[in-house]
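Each remark here refers to the structure printed beneath this line.
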Ligand SMILES: C[S@@+](CC[C@H](N)C(=O)[O-])C[C@H]1O[C@@H](n2cnc3c(N)ncnc32)[C@H](O)[C@@H]1O
Ligand code: SF4
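Numbering (my numbering), first residue to last: 178 to 574.
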């Protein structure tokens, strides 16, 4: 039998849908900030999380992570964050080293609350720096300067045991030399926290950037330059001791995001809050849930029905196999054979026989052995195409 796969863990994702302003590239479920009633939201999260807990039966596993994402969860009143952590602790236990992350922007409203979040039990902060260059921050519609971003990072490092930050590259007009210099600075800043996320700018349809691009404006780097920027990012990250452990995520070994790894290792997670997605245990193995996206409607639904779920689908084994490959191959560790078997009931050799994989192995895009399946360094930039080719070869049921 294959070696046991590392445990995926069990996470709670909490979505906060409000932001001070909406950035022109952003496609997340976000709204302009408004005054909220913390007690009403606390009661709604309590009901929604309690309802989700029913999927786990009487033997509820302890949570290994809680992630407050958004939107801008650092705009949540700290007592609401503390309240949700309490609800999670009362509904499930938390493991001793449970990771509790809040996403924040480097604005004064948010940095002033860092200590209160720490006091509420948050032990990891994820800061949206995006760029260290003021002209790029203006282009991205951000409401902070590079200096404010680095000051917020210094403050976060003094308060939280673990800190990560996000950067966006492959911006229009950015060449290899520009990114080499900016990334060098970012990697030096990430040394203390030991984790950073480096995303290529994606032009999402329906966003202000999407509309400008549709009118012909060149807002994304061309494909060849994007590939070179990605390769440079891999090399410089590894040389700085922060290798990519996932397509866009870099960490000193041991500092990986435990919460995001639940998704990538296809573990169970609850999604609570407007538009949040979840993967819960269910009659076919995994049930996918999706919450109502509009914040007012989500609140009203929870108050009326005790949960904010808009759709619930018991996933077939083929869909679970597709999701497992799509998520797991993002990780440099790949998809362990034991996990593939545990989730789908198929062995990897049954679902994807060697002969079917030969073309991809021959092109140097994937590696396959008794431990599992992973992308090679050459295959990683082609993730979507390789996963699509693998999914095509899966049995139909
Ligand atoms: C939910 S947002 C971050 C939280 C926080 N509100 C902020 O903006 O700093 C998660 C991250 O996704 C990345 N992101 C969002 N839209 C993107 C896009 N269109 N292209 C590339 N990265 C994007 C940004 O780096 C952002 O920090
Ligand atoms: S990038 Fe962050 S601050 Fe900007 S709109 Fe998206 S979630 Fe809000």
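Ideal placement from N, C-alpha and C gives every residue a C-beta, glycine not left out.
Model, not experiment: these values are computed from the prediction.
Three-way DSSP call (helix, strand, coil) for residue 513 in this model = Counted from its first residue, the chain shown places residue 513 at position 336. In the structure shown, residue 513 sits in a strand (DSSP, three-state: E or B).
Give the DSSP-derived three-state secondary structure of residue 322 in the structure shown.
-> Your numbering for residue 322 matches position 145 in the chain shown. DSSP places residue 322 in coil when its eight states are reduced to three.
Alpha helix (DSSP H) containing residue 269: first to last residue?
-> As a first step, residue 269 must be located in the chain shown, where it is residue number 92. Element bounds for residue 269: n/a, residue is neither H nor E.
Grouping DSSP H, G and I as helix and E and B as strand, with all else coil, what is residue 449?
-> Here residue 449 is taken as the residue at index 272 of the chain shown, counted from 1. Looking at residue 449 - three-state DSSP - the assignment turns out to be strand.
Taking the alpha-carbon positions, what's the residue 320 to residue 539 distance?
-> Here residue 320 refers to the residue found at position 143 when the chain shown is read from its first residue. Here residue 539 refers to the residue found at position 362 when the chain shown is read from its first residue. Going by C-alpha positions, residue 320 is about 48 Å away from residue 539.
Cβ distance (whole Å) where residue 373 is taken to contact residue 333 below 8 Å = The residue labelled residue 373 in the question sits at position 196 within the chain shown. The residue labelled residue 333 in the question sits at position 156 within the chain shown. Actually they are not in contact, since the Cβ atoms of residue 373 and residue 333 sit about 13 Å apart, beyond 8 Å.
Answer yes or no: do residue 222 and residue 240 have a C-beta to C-beta separation smaller than 8 Å?
-> Residue mapping note: residue 222 aligns to position 45 of the chain shown, counting from 1. Residue mapping note: residue 240 aligns to position 63 of the chain shown, counting from 1. Residue 240 is positioned such that its CB atom lies no closer than 8 Å to that of residue 222.
Give the DSSP-derived three-state secondary structure of residue 335 in the structure shown.
-> Numbered from its first residue, the chain shown carries residue 335 at position 158. Here residue 335 sits in helix by DSSP.
Nearest CA to the CA of residue 417: which residue from 424, 367, 395, 466?
-> In the chain shown, counting from the first residue as 1, residue 417 sits at position 240. Measuring from the Cα of residue 417, the nearest candidate turns out to be 367.
Residue 400 - DSSP class collapsed to helix/strand/coil | In the chain shown, residue 400 corresponds to position 223, counting from 1. DSSP places residue 400 in helix when its eight states are reduced to three.
Pick out the complete beta strand (DSSP E) segments inside the stretch 324-395, 3 residues or longer, and give them in chain order.
-> 339-346, 372-377
Can residue 329 and residue 297 be called in contact, C-beta distance under 8 Å?
-> Locating residue 329 in the chain shown gives position 152, counting from the first residue. Locating residue 297 in the chain shown gives position 120, counting from the first residue. Going by C-beta atoms, residue 329 is not nearer than 8 Å to residue 297.
Three-way DSSP call (helix, strand, coil) for residue 407 in this model = Along the chain shown, read from residue 1 onward, the residue named residue 407 stands at position 230. In the three-state scheme derived from DSSP, where H, G and I count as helix and E and B as strand, residue 407 is classed as helix.
Have a look at residue 370 and residue 183 and give me their C-alpha separation to the nearest angstrom.
-> Reading the chain shown from its first residue, position 193 is the one you call residue 370. Reading the chain shown from its first residue, position 6 is the one you call residue 183. Those two C-alpha atoms are separated by around 24 Å.
Nearest to residue 572 (by Cα), restricted to the options 556, 526, 438, 559 = For the purposes of this step, residue 572 is identified with residue 395 of the chain shown, where counting begins at 1. For the residues 556, 526, 438, 559, the minimum Cα distance to residue 572 belongs to 526.
CB-CB under 7 Å to residue 570, same chain, minus the five flanking residues each way: which ones, in chain order?
-> Here the question's residue 570 lines up with position 393 in the chain shown. The beta carbon of residue 570 lies closer than 7 Å to those of 529, 533 in the same chain, with the five residues before and after it left out.
Neighbourhood of residue 250 by C-beta, 6 Å cutoff - its chain only, sequence neighbours within 5 removed = The residue you call residue 250 lines up with position 73 of the chain shown. Excluding sequence neighbours, residue 250 sits near 193, 279, 280.
Should the stretch 449-462 be regarded as contacting the stretch 213-233, the criterion being three or more beta carbon pairs within less than 8 Å?
-> yes
Measuring CA to CA, which of 201, 307, 266, 255 is closest to residue 289?
-> Start at 1 with the first residue of the chain shown, and residue 289 comes out as number 112. For the residues 201, 307, 266, 255, the minimum Cα distance to residue 289 belongs to 255.
Within the present structure, is the beta-carbon of residue 207 separated from the nearest heavy atom of ligand 2 by less than 7 Å?
-> The sequence position of residue 207 within the chain shown is 30, counting from 1. Answer for residue 207: yes, Cβ within range of ligand 2.
For residue 267, count neighbouring Cβ atoms within 10 angstroms of its own Cβ and tell me buried if that reaches 16, exposed if not.
-> For this step, residue 267 is matched to residue 90 along the chain shown. By the 10 Å Cβ count, residue 267 comes out exposed.
Report whether the distance from the Cβ of residue 568 to the nearest heavy atom of ligand 1 is below 7 Å.
-> In the chain shown, counting from the first residue as 1, residue 568 sits at position 391. Because no heavy atom of ligand 1 lies under 7 Å away, the Cβ of residue 568 does not count as near it: no.
With respect to the alpha helix (DSSP H) encompassing residue 213, which residues constitute its N-terminal and C-terminal limits?
-> For the purposes of this step, residue 213 is taken as residue 36 along the chain shown, with counting starting at 1. Taken as a continuous stretch (DSSP letters only), residue 213 belongs to no alpha helix (DSSP H), as it is neither H nor E.
Going straight from the alpha carbon of residue 190 to that of residue 448, what length do you get?
-> Numbered from 1 along the chain shown, position 13 holds the residue referred to as residue 190. Numbered from 1 along the chain shown, position 271 holds the residue referred to as residue 448. Using only the alpha carbons, I get a separation of about 5 Å.
To the nearest whole angstrom, what separates the beta carbons of residue 464 and residue 489, a pair I think is in contact under 8 Å?
-> Along the chain shown, read from residue 1 onward, the residue named residue 464 stands at position 287. Along the chain shown, read from residue 1 onward, the residue named residue 489 stands at position 312. The Cβ separation is near 6 Å, so the contact holds.
Apart from the five residues just before and just after residue 292, which ones in its own chain have a Cβ nearer than 8 Å to its Cβ?
-> What you label residue 292 is simply residue 115 of the chain shown in a count that begins at 1. Contacts found: 336.
Is any heavy atom in ligand 1 found nearer than 7 Å to the beta carbon of residue 481?
-> Within the chain shown, the letter at position 304 stands for residue 481. Because no heavy atom of ligand 1 lies under 7 Å away, the Cβ of residue 481 does not count as near it: no.
Closer than 7 Å by C-beta to residue 347: which residues in its own chain qualify, once you throw out the five before and the five after it? Chain order, please.
-> Within the chain shown, the letter at position 170 stands for residue 347. Counting only Cβ-Cβ distances below 7 Å, and skipping sequence neighbours, we find 377, 378, 397, 398, 403, 406.
Quick one: is the Cβ of residue 433 within less than 7 Å of any heavy atom of ligand 1?
-> Working through the chain shown from its first residue, we reach residue 433 at position 256. Every heavy atom of ligand 1 is 7 Å or more from the Cβ of residue 433, so no.
Looking only at DSSP bridge pairs, what is residue 443 linked to?
-> In the chain shown, residue 443 corresponds to position 266, counting from 1. Residue 443 pairs with nothing; no bridge assigned.
Name the residue from 517, 518, 510, 503 whose alpha carbon lies nearest to the alpha carbon of residue 559.
-> Numbered from its first residue, the chain shown carries residue 559 at position 382. The residue with the shortest Cα to Cα distance from residue 559 is 503.
Residue 242 (DSSP reduced to helix, strand or coil) = Within the chain shown, numbered from 1, the residue matching residue 242 stands at position 65. Residue 242 falls in the strand class under three-state DSSP.
Report yes if the C-beta of residue 426 is less than 7 Å from at least one heavy atom of ligand 1; otherwise report no.
-> Here the question's residue 426 lines up with position 249 in the chain shown. Because no heavy atom of ligand 1 lies under 7 Å away, the Cβ of residue 426 does not count as near it: no.
Between residue 196 and residue 246, is the Cβ-Cβ spacing less than 8 Å?
-> To locate residue 196, count along the chain shown from 1; it is residue 19. To locate residue 246, count along the chain shown from 1; it is residue 69. Against a cut-off of 8 Å, the Cβ pair of residue 246 and residue 196 comes out as no contact.
Could you tell me how far apart the beta carbons of residue 439 and residue 185 are, in whole angstroms, since I believe they sit closer than 8 Å?
-> Here residue 439 refers to the residue found at position 262 when the chain shown is read from its first residue. Here residue 185 refers to the residue found at position 8 when the chain shown is read from its first residue. Yes, they are in contact, since the Cβ atoms of residue 439 and residue 185 sit about 5 Å apart, within 8 Å.
Which residue comes first and which comes last in the alpha helix (DSSP H) that contains residue 288?
-> Here residue 288 refers to the residue found at position 111 of the chain shown. Here the alpha helix (DSSP H) through residue 288 covers 285-288.
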